[in-house]
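Numbering (our numbering), first residue to last: 454 to 1414.
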């Protein structure tokens, strides 16, 4: 910059202040102080690159409209990125670093330190972010900006550390007496800093920058996340070392620095401006022509006149995934989306979807497959993901060490766990770095939780919205969301609707009331209304599709269609296998004896059914029942013929078992005559688990989940089956029919699903010698069970059914109310126009994965531990495989993966004693292990945890008694 010109324009006093106001201390800027104006310009320059190389076409179009027309959004966006740290031009920030404070005082800017201290003590959060919000509100208004434009801009500045304060919050504490905000010459200097930055960026004066349209709150939230992203990148000391001489500071210099950082980080957009695919593209992508239902879904995507919500209801094995991928490509091309987020119900279902998504994208363009991110807590054990990371660089912690000192408890981006300010190595990589990482990557496959987190009132929620907006969102198996999770799903759909994000929802068994809520939530968001009651038409057949969007006049528009399945209905015999239930006063010994008898009955049944060979899938509703049955079957069958799969194996063992089961029971696995295979599993095998069983034994579950389990039966045509198993059979157990009264159910089943739905499902089970036609009977069965028909239950069940319905209603209402404590927007505030006060009352949960998952899944916050073994004499620690660590547990690099792979999640009942566990001494300084809890087993594989004995082995997994 030309110092003479600055002094002539602003006077020597104000220009001199600009020369010394610091943005980052020497310690956080590569050894040289970084001037405040330099950091503002650096961040704006990164914003320009985000515009050119990262933002989706739909986002750029929306920002152009806000700024006043085509081509105007770029400058406004870069400017918004740059002013995030404007509040550092106050004593609230300048006083915090002694060396910098001395230089500022020497320039003539002063403050009364005791008053500043008093103000900071009264409101410790009143730092540069809130100060910047106050400056923006006051100085933009004095520059002629309209109040409605000022109102949405200042929260972006005040909230860039992750939480949006209210207008009352950003008022300077009265005890500070103006010494935090700055008085006298400070006011002029603050205006000059903004003016110098704006002019240097070539944006003219402030009046010319004033937006002409107030963006939606969803766009504001997305903008806020992008501002945070720009700030993060501009704080990378490797490329943005300090500049303490204003003569070296310029927009051109910042653009050069930003270009080097951009190139090194490898940030890429997704499709960019995608061409709407031609009809023959489906065959090019998937290797076969579209089935009728798939063509129907693609046609619906073409029929939508605007971004909206599409619900696809089709049976298991119909090809919903390929239909959704083809439709997503159409919607992206038509409405300017730049990528895809695919949300799956579980980690286990996310892994195979990761592979399928990569193959689809590689068929579009060879390089796109390498940009897909797998996003869930156990992705480190996915071999395909690990292979993608081989070229990833290390040192993410150090690269962003200067992100923002003196910001918010030394954890400005919420990367640290409670009580620790050092960021986790995985966190910045998860959010920002490279073309293959994080929700901000163009193509993401993960659990639906990642979407639900974006609907929670947590710090840095704007980063999640920035990662979702500009994409097409695909949600599979959405019926798996219960009443509690559905509160977050509805809130997420509101924000996505307002953001104009196309959403495709897939389900085999969607209840009519669920469909109604999905559309009402999305359309209410699109209309920016608290409520929007619409009559959602249902497709007149199955498979079917329903799509909805808002017309230019704001009216809801619908498209429905239905067609025949590509496969003939499968007649499935459904037989009840009664199981004696323990009474409320039964002893533990009596309960155990009943379980042994039930296991023996299933064992005898399978021995008979598989006498000539074949495959069987057994799904139990609890881990303990699965383990108990597995123990029985090992006594009847060869070890090679029985497998056990549930969630209480270590992460590495579970990943291996899942892959082994998919291989053994998969569609292309050759089956020899007389060969037998039995898989005993929990609900892990219920959804998106591509196995093909000849016979199914399942505990009773609500009808939609029961039908999902039946979907694993005779799944693929052409599979060789023994003659006696060519008719698909399902045996439903886990309950006891009783003459003259309602059935008795497993306690575990009632705790998971509730008595109400179990009763109604039991009422629709076919009688002796009858069955269901799948998929033809699916919609009717789901509607009968989830509908309000009080005559569904037999007369002798009626009283019990009414009591169960009342209990379920009260339970659902209580769970919905509990969810609202965590939901991003409280009832009655969906029509607010800005983000001010969005984090009313502060964040509601911790930012780590365990706390977030507990918040959105209504579970007790269960604990993960790493299992290690210690020699009996208290000597060295060992891995589960017996490899030595040390007496302190130090982990050699070649053993790290094995140790981390020994992570297992404990039952919620063991959370309290597990919270007392600590890392091994040798883990304290380790970047991956320092917060991990170690559960030390003895040589027999057992340990005491509170009053409970737990044990672990690779056959049964974790057990406790």
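Here a beta-carbon is modelled for each residue, glycine too, at the ideal position from N, C-alpha and C. Computed from a prediction, not measured in an experiment: that's the story for all the values here.
C-alpha gap between residue i and residue j, whole angstroms
i: residue 1483; j: residue 788; result: With the chain represented from 454 up to 1414, any question about residue 1483 goes unanswered, as that position is not in the structure.
i: residue 728; j: residue 1187; result: 53 Å
i: residue 777; j: residue 1199; result: 37 Å
i: residue 1257; j: residue 1069; result: 33 Å
i: residue 920; j: residue 575; result: 36 Å
i: residue 781; j: residue 1398; result: 49 Å
i: residue 601; j: residue 673; result: 13 Å
i: residue 785; j: residue 894; result: 16 Å
i: residue 747; j: residue 993; result: 16 Å
i: residue 491; j: residue 997; result: 57 Å
i: residue 775; j: residue 1334; result: 41 Å
i: residue 1166; j: residue 1145; result: 6 Å
i: residue 1265; j: residue 1232; result: 23 Å
i: residue 967; j: residue 1245; result: 20 Å
i: residue 1179; j: residue 1147; result: 7 Å
i: residue 931; j: residue 1071; result: 24 Å
i: residue 471; j: residue 664; result: 27 Å
i: residue 847; j: residue 1348; result: Low confidence applies here, because residue 847 scores a pLDDT of 41, under 50, leaving its location unreliable and the question unanswered by this model.
i: residue 1339; j: residue 1392; result: 16 Å
i: residue 685; j: residue 650; result: 19 Å
i: residue 878; j: residue 1320; result: In this predicted model, residue 878 has a pLDDT of only 28, less than 50, meaning its place in the structure is not dependable; the value taken from the coordinates is given anyway. Roughly 22 Å between the two C-alpha positions.
i: residue 1158; j: residue 1137; result: 12 Å
i: residue 448; j: residue 1034; result: With the chain covering only 454 through 1414, there is no way to say anything about residue 448.
i: residue 657; j: residue 529; result: 11 Å
Pair within 7 Å by beta-carbon distance, residue i and residue j
i: residue 1096; j: residue 1149; result: no
i: residue 629; j: residue 568; result: yes
i: residue 588; j: residue 540; result: yes
i: residue 923; j: residue 514; result: no
i: residue 929; j: residue 763; result: no
i: residue 792; j: residue 692; result: no
i: residue 767; j: residue 499; result: no
i: residue 586; j: residue 607; result: yes
i: residue 1402; j: residue 1414; result: yes
i: residue 1316; j: residue 1359; result: yes
i: residue 834; j: residue 1108; result: yes
i: residue 592; j: residue 644; result: yes
i: residue 915; j: residue 677; result: yes
i: residue 795; j: residue 898; result: yes
Residue i versus the options, residue with shortest Cα-Cα distance
i: residue 612; options: 458, 911, 774; result: 911
i: residue 615; options: 918, 950, 1358; result: 918
i: residue 1409; options: 1155, 1125, 1079; result: 1079
i: residue 803; options: 815, 828, 936, 782; result: 828
i: residue 1285; options: 708, 496, 983, 519; result: 983
i: residue 980; options: 988, 472, 947, 965; result: 947
i: residue 622; options: 597, 596, 577, 647; result: 577
i: residue 1154; options: 1075, 1225, 1123, 1121; result: 1075
i: residue 927; options: 678, 1100, 520, 810; result: 810
i: residue 710; options: 942, 689, 626; result: 689
Short CB-CB distance (under 7 Å) between residue i and chain B
i: residue 1112; result: Judged by its chain identifiers, the structure shown contains no chain B, having just a single protein chain.
**Message:** Assess contact between the segment 1274-1284 and the segment 1002-1019, defined as three or more Cβ pairs (one per stretch) separated by less than 8 Å. Is contact present?
**Reply:** no
**Prompt:** Which residue spans inside the segment 496-526 form an unbroken alpha helix (DSSP H) run of at least 4?
**Reply:** 510-520
Exercise. Spell out a yes or no on whether the segment 1371-1378 and the segment 1061-1075 are touching, meaning 3 or more CB-CB pairs, one atom from each, closer than 8 Å.
Key: no
- [ ] At 3 residues or longer, and completely inside the segment 1089-1161: list those beta strand (DSSP E) runs for me, N to C.
- [x] 1095-1098, 1129-1134, 1148-1152
Could you tell me whether the segment 1374-1393 touches the segment 1340-1353, using the rule of 3 or more Cβ pairs below 8 Å?
yes
Which ranges would you report for the alpha helix (DSSP H) in the segment 1210-1266 if only whole runs of at least 4 residues count?
-> 1231-1239
Problem - Given 8 Å, three or more beta-carbon pairs between the segment 1004-1021 and the segment 749-763 - result: yes
Checklist entry - Any contact of the segment 1081-1091 with the segment 1114-1133, i.e. 3+ C-beta pairs under 8 Å? => result yes
Contact between the segment 1209-1219 and the segment 966-981 (3+ Cβ pairs under 8 Å):
no
Would you mind listing the beta strand (DSSP E) stretches within the segment 768-813 that are 3+ residues and don't spill past its ends, in chain order? 792-797
Using 8 Å as the Cβ pair cut-off and three pairs as the minimum, do the segment 524-534 and the segment 699-711 touch?
no
| query | At what residue ranges does the segment 1316-1378 contain a whole run of the beta strand (DSSP E), taking only runs of 3 or more? | reply | 1317-1323, 1356-1358
Handout entry: Length at least 4, wholly inside the segment 886-951: the alpha helix (DSSP H) runs in chain order
Key = 902-906, 914-921
For this session: Would you list, in sequence order, the uninterrupted alpha helix (DSSP H) runs of no fewer than 4 residues that lie entirely inside the segment 956-995?
Result: 965-979
Give, in chain order, every unbroken run of the alpha helix (DSSP H) that is at least 4 residues long and sits entirely within the segment 667-753.
-> 670-686, 704-718, 734-739
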